[in-house]
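Note that the sequence shown covers residues 1 to 77 in the UniProt record's numbering.
Okay, so here's the structure we're looking at.
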Amino acid sequence: MNAWRNAMEAANYTFEHNGRKWDYGKQTQARLEPSVAAAKAGILPEGFFWTDAENNDVPMTAGELMALSEAAEKAMF
1 MNAWRNAMEA ANYTFEHNGR KWDYGKQTQA RLEPSVAAAK AGILPEGFFW TDAENNDVPM
61 TAGELMALSE AAEKAMF
């Protein structure tokens, strides 16, 4: 049971948000957290982008990144 749970928690998923497919899983969550923190602090670099599940670099504002993060969290449940 523990092995199955660990495998499910470590898996990568895709979900749709704003007409695009995005990756989500523990690795993505670990990458998103510092970027969202920067967005909330108002220090997201100019020209910031996030790469979607189809490897397209998508320009993001702080608000768009936070919305993506929230959508990813909802997709996990």
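Just so you know, even glycine gets a beta-carbon here, dropped at the ideal spot from N, CA and C.
Query raised in the report: Are A41 and K21 close, meaning C-beta to C-beta below 7 angstroms?
Result: In this structure, K21 does not lie closer than 7 angstroms to A41 by Cβ.
Query raised in the report: Looking at the C-beta of A37, does it have a partner C-beta in chain C at a distance below 7 angstroms?
Result: No chain C is part of this structure, which consists of one protein chain only.
Query - Residue range of the unbroken alpha helix (DSSP H) whose run includes P34 - result: Counting along the chain, P34 sits inside the alpha helix (DSSP H) bounded by residues 26-41.
Query raised in the report: If you run the structure through DSSP and keep just helix, strand and coil, what is E73?
Result: Here E73 sits in helix by DSSP.
Query raised in the report: How should W50 be labelled, buried or exposed, when 16 other C-beta atoms within 10 angstroms of its C-beta is the threshold for buried?
Result: Taking all protein chains shown into account, W50 has 16 or more neighbouring C-beta atoms within 10 Å of its C-beta and is therefore buried.
Report task. Could you spell out the range, first to last residue, of the beta strand (DSSP E) harbouring T61? Result -> Segment: none, T61 is in no beta strand (DSSP E) and carries neither H nor E.
Requested in this report: Would you give the residue range spanned by the beta strand (DSSP E) that E16 belongs to?
Outcome: Counting along the chain, the beta strand (DSSP E) containing E16 begins and ends at 13-17.
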